[in-house]
Amino acid sequence: MKRLSALATVLLASTFAGAQQPAQPAPKPPPAPQQPMAPVSESVTVSVTNIEVVVTDSKGNRVSGLTREDFEVKQDGVPQPITNFYAVTGGKVLLEDGKTVSIEEPAAATELPSQLKTRYVFYIDNLNIQPQNRNRMFKRLKEFVRESVGPQAEAMVLTYNRSLKVKQRFTSDVDDVLGAIENTELDTGGGTTLWSDRRDNLRRIDESRSPTEALQIARMHSRSLRNDLEFAVDAIKNTLNGLAGVEGRKVFVYVSEGLPATAGAEMFDAVTQKFREGGVSTLEQFEFDMNTRYASIVQAANANGVTLWPLDATGLAVDDLVSAENRTMEARPNSFMMRQNSQAPLLMMAEQTGGIAAVNTNDWKRNLDELAHDFSDFYSIGYRSGRAAVDRPHRVEVNVKRKGLKVRARKGYLEKTVETRTAEAVEASLYYPREDNPLGITLTVGESRPYDRENYLLPIHVSIPLSKMALVPSGDMYQGNYFLYLKILDVSGKTSDMQIQRGTVSVPQKELDNAQKKNWGHPMQLIVVAGGQKIAVGVRDGVSNQTSYVQKNVFVSVLPKEAGRGE
Numbered sequence: 006m007k008r009l010s011a012l013a014t015v016l017l018a019s020t021f022a023g024a025q026q027p028a029q030p031a032p033k034p035p036p037a038p039q040q041p042m043a044p045v046s047e048s049v050t051v052s053v054t055n056i057e058v059v060v061t062d063s064k065g066n067r068v069s070g071l072t073r074e075d076f077e078v079k080q081d082g083v084p085q086p087i088t089n090f091y092a093v094t095g096g097k098v099l100l101e102d103g104k105t106v107s108i109e110e111p112a113a114a115t116e117l118p119s120q121l122k123t124r125y126v127f128y129i130d131n132l133n134i135q136p137q138n139r140n141r142m143f144k145r146l147k148e149f150v151r152e153s154v155g156p157q158a159e160a161m162v163l164t165y166n167r168s169l170k171v172k173q174r175f176t177s178d179v180d181d182v183l184g185a186i187e188n189t190e191l192d193t194g195g196g197t198t199l200w201s202d203r204r205d206n207l208r209r210i211d212e213s214r215s216p217t218e219a220l221q222i223a224r225m226h227s228r229s230l231r232n233d234l235e236f237a238v239d240a241i242k243n244t245l246n247g248l249a250g251v252e253g254r255k256v257f258v259y260v261s262e263g264l265p266a267t268a269g270a271e272m273f274d275a276v277t278q279k280f281r282e283g284g285v286s287t288l289e290q291f292e293f294d295m296n297t298r299y300a301s302i303v304q305a306a307n308a309n310g311v312t313l314w315p316l317d318a319t320g321l322a323v324d325d326l327v328s329a330e331n332r333t334m335e336a337r338p339n340s341f342m343m344r345q346n347s348q349a350p351l352l353m354m355a356e357q358t359g360g361i362a363a364v365n366t367n368d369w370k371r372n373l374d375e376l377a378h379d380f381s382d383f384y385s386i387g388y389r390s391g392r393a394a395v396d397r398p399h400r401v402e403v404n405v406k407r408k409g410l411k412v413r414a415r416k417g418y419l420e421k422t423v424e425t426r427t428a429e430a431v432e433a434s435l436y437y438p439r440e441d442n443p444l445g446i447t448l449t450v451g452e453s454r455p456y457d458r459e460n461y462l463l464p465i466h467v468s469i470p471l472s473k474m475a476l477v478p479s480g481d482m483y484q485g486n487y488f489l490y491l492k493i494l495d496v497s498g499k500t501s502d503m504q505i506q507r508g509t510v511s512v513p514q515k516e517l518d519n520a521q522k523k524n525w526g527h528p529m530q531l532i533v534v535a536g537g538q539k540i541a542v543g544v545r546d547g548v549s550n551q552t553s554y555v556q557k558n559v560f561v562s563v564l565p566k567e568a569g570r571g572e
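For our numbering, add 5 to where a residue sits in the sequence shown, where the first one is 1.
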């Protein structure tokens with residue numbers, strides 16, 4: 006069966022169209038000119054990298070009043086001149102020209118160089134958390150939601166228990182977010198089973214009669230845990246990558262009871278405690294080292310502008326292995342080692358992405374208050390890349406010149422080409438609507454008709470006002486070009502491949518004034534399945550690099566007279 010994943014698009018033609026006219030059948034293209042035209046100009050984008058920075062004093066208090074001269078930025082060890090700078094204090098933005106703009110004001114969006122809207126992703130790792138610890142911490146999390154989610158901050162809720170579930174998509178409705186969290190409180194999760202398996206295997210190691218027998222138990226447990234962790238890491242990375250084209254400042258609040266740096270480290274420690282002579286070689290545990298996997302989470306977060314904010318729900322609870330029934334065990338692993346093993350990855354991920362990990366605490370409110378302050382008190386520092394972006398990672402270091410002050414910021418980012426950024430934004434707009442449309446493009450959808458026994462041919466037409474396009478004189482012509490990006494989401498959640506097409510515009514110099522009153526048309530025909538579809542389109546001007554985004558919901562009916570139309 007042909008599905009959306011194999012969606013085909015067919016370019017018919019690019020045509021002039023009256024400003025208010027619907028899509029017309031495409032005429033035959035004109036014959037090729039006898040002499041080749043001059044090449045169409047394309048711009049080279051010099052991207053600006055923006056880093057959000059939090060500065061504190063020796064007591065942890067936020068420091069305000071700094072200017073760009075107080076900071077220094079290095080990319081891959083090379084100092085970078087700061088070209089963009091503003092400060093946010095108490096929810097008000099102080100621009101370099103001295104103007105102050107409240108974040109709450111609608112005018113702020115046009116005044117600021119980057120959007121300040123916040124998007125929180127509450128990711129509950131139900132496979133790696135015990136329900137009683139999770140629900141105890143949720144009390145503080147719900148307080149944070151009530152205080153922080155609103156017009157300038159949206160949130161979504163996801164859970165993971167060997168499969169990823171979206172409990173609530175991005176919304177600014179506090180009640181909807183709270184409802185999703187409260188619904189999660191009813192989930193049993195897999196944490197209880199994992200902890201039970203751990204206790205049982207530690208007891209088996211304690212009862213084993215030889216190092217060989219004990220090591221076999223440790224290896225089996227560690228392999229099973231490593232397998233679970235690999236799938237868990239992939240789910241986190243997929244979530245982070247899905248945020249690539251989402252606008253605003255993004256925070257991934259990861260709720261769990263830690264992530265083991267070495268899967269099953271406590272098992273090997275227990276073997277050592279049981280058989281102090283002829284115990285475990287250090288090399289034995291290398292097979293189960295997960296740090297490279299966790300580094301890939303950091304890379305995905307920095308690539309997509311996401312700050313990781315881990316919350317360890319374990320708190321200050323006494324480890325269950327210290328209970329009276331387990332005190333007689335010879336094979337009882339070191340509790341300090343166990344905590345260090347589970348907390349070190351959380352601390353690393355937070356530090357590398359500009360967040361803070363809440364570990365060894367029952368006071369999650371203090372940590373969440375810091376998170377709230379991160380979006381009302383910070384500095385935004387920007388610098389221009391000296392060359393075109395090439396989709397490669399970079400190390401970033403931000404320092405403050407004043408003594409006694411501490412800087413918190415992400416330590417890396419992925420430099421993305423304009424092509425990559427546009428494609429990511431179009432894909433994200435299938436799930437998170439995007440309304441910026443500086444080119445004034447419109448998308449119209451015609452009537453579908455059967456293509457074969459299972460698919461339908463759906464005509465669409467994208468119109469671009471020529472007055473909004475950058476046209477470059479070339480001889481007796483004005484020329485321009487654009488790139489059209491298209492992706493479709495069907496009702497079952499399947500998506501098409503990203504379609505990217507290049508169009509060129511040529512207007513005789515003597516007809517320029519009249520042409521600028523018209524639209525340039527880009528008709529296409531899509532092969533789709535029946536049912537509900539969402540079409541996302543992005544058009545990027547190849548000269549100015551201005552980009553517009555539009556989305557449209559469509560229903561393709563199996564009934565000929567009810568063929569789908571755009572809503």
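Where is the CB? At the ideal position from N, CA and C, for every residue including glycine.
Nothing here was measured: the structure is a model prediction, and the numbers come from that model.
On the premise that Y128 lies in contact with L163, defined as a C-beta separation below 8 Å, what is that separation, rounded to the nearest angstrom?
L163 to Y128, Cβ: 5 Å. Contact.
For the stretch 533 to 543 against the stretch 476 to 494, do three or more pairs of beta-carbon atoms, one drawn from each stretch, fall closer than 8 Å, so that the two count as touching?
Touching, yes.
Could you check whether F236 and G269 sit closer than 8 Å to each other, using their CB atoms as the reference points?
Not closer than 8 Å, so no.
So, is the C-beta of H226 closer than 8 Å to a C-beta in chain D?
The structure shown has no chain D; it contains just one protein chain.
Anyone know if the C-beta pair for T267 and M295 falls short of 8 Å?
Contact flag set, yes.
Looking at V403 and V412, is the spacing between their C-beta atoms short of 8 Å?
Yes, the Cβ-Cβ distance between V412 and V403 is below 8 Å.
Under DSSP, the beta strand (DSSP E) around F175 begins and ends at which residues?
Run containing F175: L169 to T176, per the beta strand (DSSP E) assignment.
Between A1 and R337, which are expected to be in contact by the criterion C-beta below 8 Å, what is the C-beta distance as a whole number of angstroms?
Since the displayed the chain opens at 6 and closes at 572, residue 1 lies outside it and no answer follows.
Can you list, in chain order, the residues of its chain whose CB lies under 8 Å from that of A377, leaving out five sequence neighbours each side?
Same-chain partners within the cutoff: F149, E152 and S153.
Run through the DSSP bridge pairs and tell me what T552 is partnered with.
In DSSP, T552 forms a bridge with R545.
For R67 and Y91, what's the separation of their Cα atoms in angstroms?
Cα to Cα, the separation comes out at about 16 Å.
Name the residue from L121, N243 and V260 whose alpha carbon lies nearest to the alpha carbon of V98.
Per the Cα distances, L121.
Give me the Cα-Cα distance between Q157 and S381, rounded to the nearest whole angstrom.
Rounded to the nearest angstrom, the two C-alpha atoms are 11 Å apart.
Can you round the beta-carbon distance between D211 and E289 to whole angstroms, since I take them to be within the 8 Å contact cut?
Wrong, their Cβ atoms sit about 19 Å apart, outside the cutoff.
What's the C-alpha gap between P89 and I386?
The question names Pro, but residue 89 is Asn in the sequence shown. Straight-line Cα distance between these residues: approximately 6 Å.
Does the distance from the C-beta atom of L321 to that of N372 stay below 8 Å?
No, the Cβ-Cβ distance between L321 and N372 is not below 8 Å.
Out of curiosity, what's the CA-to-CA distance linking D102 and V53?
Cα to Cα, the separation comes out at about 20 Å.
For R454, which option in R141, S562, P265 and S177 has the closest C-alpha, if you only look at C-alpha atoms?
Ranking R141, S562, P265 and S177 by Cα distance to R454 puts S562 first.
Determine the DSSP secondary structure at Q157, reduced to helix, strand or coil.
The answer is coil: DSSP assigns Q157 none of H, G, I, E or B.
Take the Cβ of T105 as the centre, count every other Cβ of all protein chains shown within 10 Å, and call the residue buried at 16 or more, exposed below.
So T105 counts as exposed.
Would you grab the beta carbon distance between T500 and S468 for me? Rounded to a whole angstrom, and I think it's under 8 Å.
Not quite, the Cβ-Cβ distance comes to about 24 Å (not below 8 Å), so this is no contact.
In the DSSP assignment, find the unbroken alpha helix (DSSP H) run with T267 in it and report its ends.
It is not in any alpha helix (DSSP H) - T267 carries neither H nor E in the DSSP assignment.
In chain order, what residues of the same chain lie with their CB nearer than 6 Å to the CB of G537, ignoring the 5 residues before and after it?
Counting only Cβ-Cβ distances below 6 Å, and skipping sequence neighbours, we find V496 and F560.
With C-beta atoms as the reference, is V238 less than 8 Å away from I302?
It is a contact, given that the beta carbons lie within the stated cut-off.
Would a C-beta distance cut-off of 8 Å place S434 and Q551 closer than the cut-off?
No.
From Q345 to G310, what does the alpha carbon distance come to, in whole angstroms?
Rounded to whole angstroms, Q345 to G310 spans 28 Å at the Cα level.
When you compare each of P84, D75 and V58 to S390 by their alpha carbons, which one comes out closest?
Cα-wise, what sits closest to S390 is P84.
What separation, rounded to the nearest whole angstrom, lies between the Cα atoms of M503 and E424?
In a straight line, the C-alpha of M503 is about 12 Å away from that of E424.
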